[in-house]
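Working notes, beginning with the structure itself.
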Amino acid sequence: DDLDAALAAHGISPQDLSIELTESAGMQGQGLVLAAIRERGVRVAIDDFGTGHSSLARLRDLDVDLVKLDRSFVAALPGPRARSLISAFGAIAEALDLSTVAEGIETPEQRDWLRAAGVRSGQGYLFGRPMSGEQLAQWAQPPLTPAAP
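So, in structure tokens, the structure goes:
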């Protein structure tokens, strides 16, 4: 009920909201809560995937839509072990029909390698630095279209 009220109060469509859980967050017995959130159309994500002690168990036990690969794996690119782990991560996510996001992308080479490995979304300084709400609103403004002479 609180979630529905907050969505309505702020005029947000449930499909436009994702709730992120850190992999290490205590989620004992929270499966029903997550199911109720997802039933409303809100996406649920596991953040910092790969840093906890039970990564695969979390994927088995939690009904989520999205997994965010921790930046430590991206930072290790183009190392062969990092590449192998990211490829395996991509295969697991695909088999479970999960969307993937790579965190900490800082170079075009990392972006290109992740794309080739099947990771479709990313975050990091390559795309933009953290900014205030005011800066974001300005950044999101469409560029001016030149007037015809």
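One rule links them: number in this note's numbering = place in the sequence shown (from 1) + 26. C-beta: ideal position from N, C-alpha, C; glycine also. Bear in mind the structure is a predicted one, so any value in this text is a computation, not a measurement.
Note on Val59: under 16 other CB atoms within 10 angstroms of its CB, so exposed under the neighbour-count rule. At a cut-off of 4 residues, the continuous stretches assigned as alpha helix (DSSP H) that sit fully inside the stretch 74-151 are 81-87, 97-101, 106-121, 134-142. Leu29: not part of any beta strand (DSSP E); member of the alpha helix (DSSP H) spanning 28-36, first to last residue. Assigned with DSSP and collapsed to three states, Arg69 falls in strand. A distance below 9 Å separates the beta carbons of Ile131 and Leu152. Boundaries of the beta strand (DSSP E) around Leu47: 44-48.
Counting the other CB atoms within 10 Å of its CB gives Ala71 a total of 16 or more, which places it among the buried residues. The three-state secondary structure of Arg155, taken from DSSP, is coil. Looking at Ser44, Leu85, Ser39, the one whose alpha-carbon comes closest to that of Gly57 is Leu85.
By the C-beta density criterion, Thr171 is exposed, having fewer than 16 other C-beta atoms within 10 angstroms. Contact check for Trp139 against Arg107 fails: the beta carbons are separated by 9 Å or more.
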